[in-house]
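Chains as they are written, first to last, in the numbering used here: chain A, 192 to 311; chain B, 2 to 112.
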């Protein structure tokens with residue numbers, strides 16, 4: 192299977208602990224996105240990378256959140272000092288688009304299965 | 002601000018019946034629109050997309066959607082629903098390099 196993979200699929204942690212999630216995009220996709228989805232809501236954009244460069248961060252991404260994509264392949268999302276409000280599904284997506292937003296180019300994003308975080 | 006509205010939180014249909022899921026968007030320029038489906042424990046799967054051209058778009062699994070600029074709508078349709086279509090459906094608009102999603106419509110299918 193060459194789709195987007197995420198690990199772990201589930202994570203239960205206690206409030207105040209740090210957690211780290213990993214996303215492996217589709218091979219050769221140079222765009223990688225992180226979204227957060229809470230119960231009853233649609234996914235909300237957190238941040239995205241073009242290769243190893245982090246190009247945009249949502250205001251939802253507080254200073255307790257940090258994302259990296261050190262070699263332009265897999266990415267990690269770390270949450271420090273977790274809070275109960277961080278409980279959510281964290282989705283990763285990748286896209287083959289390479290340059291700036293171009294109306295003529297597909298912006299299709301391929302999603303992974305997500306990591307469900309529960310903070311007790 | 003750009004936004005997507007899915008007015009129906011929950012829809013129930015009988016297997017074999019037709020389906021229409023509503024989506025309205027607010028976007029200043031020509032929108033790039035998507036419908037995704039999410040089954041329990043699964044990631045989002047793209048059903049179809051609209052970028053330009055023919056306003057009636059065909060997707061996978063027998064779904065289609067029609068873009069109506071005058072109504073700012075992009076409703077999803079299927080002529081005959083199967084029990085396996087039970088899932089959560091999300092409409093989304095592309096805002097530069099990210100997707101803005103609606104809150105979703107949960108579809109329940111009765112035999």
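Ideal Cβ placement from N, Cα and C applies to all residues, glycine included. Keep in mind that this is a model prediction, so the values were computed, not measured.
Query raised in the report: Under 9 Å Cβ-Cβ, which residues of chain B neighbour residue 224 of chain A?
Result: The count along the first chain starts at 1 and reaches residue 224 of chain A at position 33. Simply 98, 99, 100.
Report task. Using only alpha-carbon positions, find the residue among B/105, B/111, B/94, B/112 that is nearest to residue 2 of chain B. Result -> What you label residue 2 of chain B is simply residue 1 of the second chain in a count that begins at 1. Closest by alpha carbon: B/94.
Query raised in the report: Buried or exposed: residue 230 of chain A, going by 16 or more other Cβ atoms within 10 Å of its Cβ?
Result: Numbered from 1 along the first chain, position 39 holds the residue referred to as residue 230 of chain A. Exposed, since its Cβ has fewer than 16 Cβ neighbours within 10 Å.
**Report entry** residue 269 of chain A versus residue 257 of chain A - alpha carbon distance
**Finding:** If you number the first chain from 1, residue 269 of chain A lands on position 78. If you number the first chain from 1, residue 257 of chain A lands on position 66. Straight-line Cα distance between these residues: approximately 5 Å.
Query raised in the report: Of all the CB atoms in chain B, is at least one closer than 8 Å to the CB of residue 290 of chain A?
Result: Taking the first chain and counting its residues from 1, one reaches residue 290 of chain A at position 99. Any answer about residue 290 of chain A is weak, because its pLDDT of 46 lies below 50 and its placement is not dependable; what the coordinates show is given next. Not one chain B Cβ lies under 8 Å of residue 290 of chain A.
Query - Proximity winner among A/238, A/202, A/218, relative to residue 283 of chain A (alpha-carbon distances) - result: Within the first chain, residue 283 of chain A is the residue found at index 92, counting from 1. When each option's Cα is compared against that of residue 283 of chain A, the closest is A/238.
Requested in this report: Taking residue 28 of chain B as part of the beta strand (DSSP E), name the residues at either end of that continuous run.
Outcome: Residue 28 of chain B sits at position 27 when you count from the first residue of the second chain. Where residue 28 of chain B is concerned, there is no enclosing beta strand (DSSP E), given that its DSSP letter is neither H nor E.
Query - Residue(s) in a DSSP beta bridge with residue 83 of chain B - result: Residue mapping note: residue 83 of chain B aligns to position 82 of the second chain, counting from 1. Per DSSP, none; premise fails for residue 83 of chain B.
Query raised in the report: Are the stretch 54-63 of chain B and the stretch 9-24 of chain B in contact at 8 Å, needing three or more beta carbon pairs?
Result: no
Query raised in the report: Which partner residues does residue 213 of chain A have in the DSSP bridge list?
Result: Translated into the one-based positions of the first chain, residue 213 of chain A becomes position 22. In DSSP, residue 213 of chain A forms a bridge with A/198, A/267.
Requested in this report: Would you mind telling me which residues of chain A sit closer than 7 Å to residue 91 of chain B, beta carbon to beta carbon, in chain order?
Outcome: Here residue 91 of chain B refers to the residue found at position 90 when the second chain is read from its first residue. Those within 7 Å of residue 91 of chain B in chain A are 233.
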